[in-house]
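Let me begin by presenting the structure, written as structure tokens, before commenting on it.
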Amino acid sequence: MKTRYFVLTPDRRARTLNVVGTEVTVLAANTVTRSFGITLQRGDEGTGPPPHSHDWDEAFYVLGGEIRFLCDGQAHVCSPGTLVHVPRGTVHGFRYGKGGGQMLEITGENARAAEMFAAVDQAIPPGPPDIARLLQVFEQNGVTIAAPA
1 MKTRYFVLTP DRRARTLNVV GTEVTVLAAN TVTRSFGITL QRGDEGTGPP
51 PHSHDWDEAF YVLGGEIRFL CDGQAHVCSP GTLVHVPRGT VHGFRYGKGG
101 GQMLEITGEN ARAAEMFAAV DQAIPPGPPD IARLLQVFEQ NGVTIAAPA
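Under our numbering, the letters of the sequence shown match residues 1 to 149, in that order.
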């Protein structure tokens, strides 16, 4: 089946998801493009996912603010214009720096990121998360939280 082109204007975007303090707007899910996914992510200072891994490639392009990435134990302070490529299986995480930040996330073929974000938004209400439930949702969607060092 041939994939058709599409043009997504801001007024036609899906609603923004709340993923444990990060606002995630799915711009293109892998299931729609049949190859890659794109999300727009924005977070407040100090928010962001803990170190984790999954079986899909992922890249982040920083649009605004400062975002502190941890990839395979190496810390990187990333400003606008920075691209971070994370191959499948790599333990990674990030925290939004002073004033928060914004970035594009691009996922590789067969990624389940869009589905995972929607599942977290549905299962975890705003506020302090139910950690056991959050870990269960991550696991159901192919994300493994790294053990603390």
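Glycine included, C-beta positions come from ideal geometry on N, C-alpha and C.
Near residue i, what residues of its chain come up, given a Cβ to Cβ distance below 7 Å and the 5 sequence neighbours on each side ignored?
i           : result
residue 126 : 18
residue 141 : 112, 115, 116, 119
residue 55  : 88, 89, 142
residue 103 : 41, 60, 61, 62, 63, 67
Between which two residues does the alpha helix (DSSP H) carrying residue i extend?
i           : result
residue 117 : 113 to 123
residue 135 : 131 to 140
So residue i and residue j are in contact, right, with Cβ under 8 Å, and what is the actual spacing, rounded?
i           : j           : result
residue 16  : residue 105 : The pair is not a contact, with the Cβ atoms about 14 Å apart (cut-off 8 Å).
residue 99  : residue 46  : Their Cβ separation, rounded to whole angstroms, is 11 Å, which puts residue 99 and residue 46 out of contact at 8 Å.
residue 33  : residue 9   : Contact doesn't hold; Cβ gap of about 17 Å is too wide.
residue 84  : residue 78  : 6 Å
residue 37  : residue 21  : Contact flag wrong, Cβ pair sits at about 21 Å.
residue 101 : residue 57  : The pair is not a contact, with the Cβ atoms about 21 Å apart (cut-off 8 Å).
With respect to the beta strand (DSSP E) encompassing residue i, which residues constitute its N-terminal and C-terminal limits?
i           : result
residue 28  : 22 to 28
residue 144 : 143 to 145
In the DSSP assignment, what residue or residues form a beta bridge with residue i?
i           : result
residue 96  : 67
residue 107 : 37, 58
residue 17  : 24
residue 7   : The partner list for residue 7 (beta bridge, DSSP) is empty, contrary to what the question assumes.
residue 91  : Residue 91 pairs with nothing; no bridge assigned.
residue 101 : 43, 65
In its own chain, which residues sit with a C-beta less than 6 Å from the C-beta of residue i, not counting the 5 before and 5 after it?
i           : result
residue 159 : This structure cannot settle anything about residue 159, because the visible part of the chain is limited to 1 through 149.
residue 130 : none
Here's a check: name, in chain order, each residue in its chain whose Cβ is nearer than 8 Å to the Cβ of residue i, leaving out the five neighbours to either side.
i           : result
residue 137 : 116, 119, 120, 123, 124
residue 145 : 50, 51, 52, 135, 138
residue 75  : 68, 69
Review point. Considering only residues of the segment 33 to 82, which uninterrupted beta strand (DSSP E) runs meet the minimum length of 3 residues and lie entirely inside it, listed in chain order?
Key: 37 to 43, 52 to 54, 58 to 71, 74 to 78
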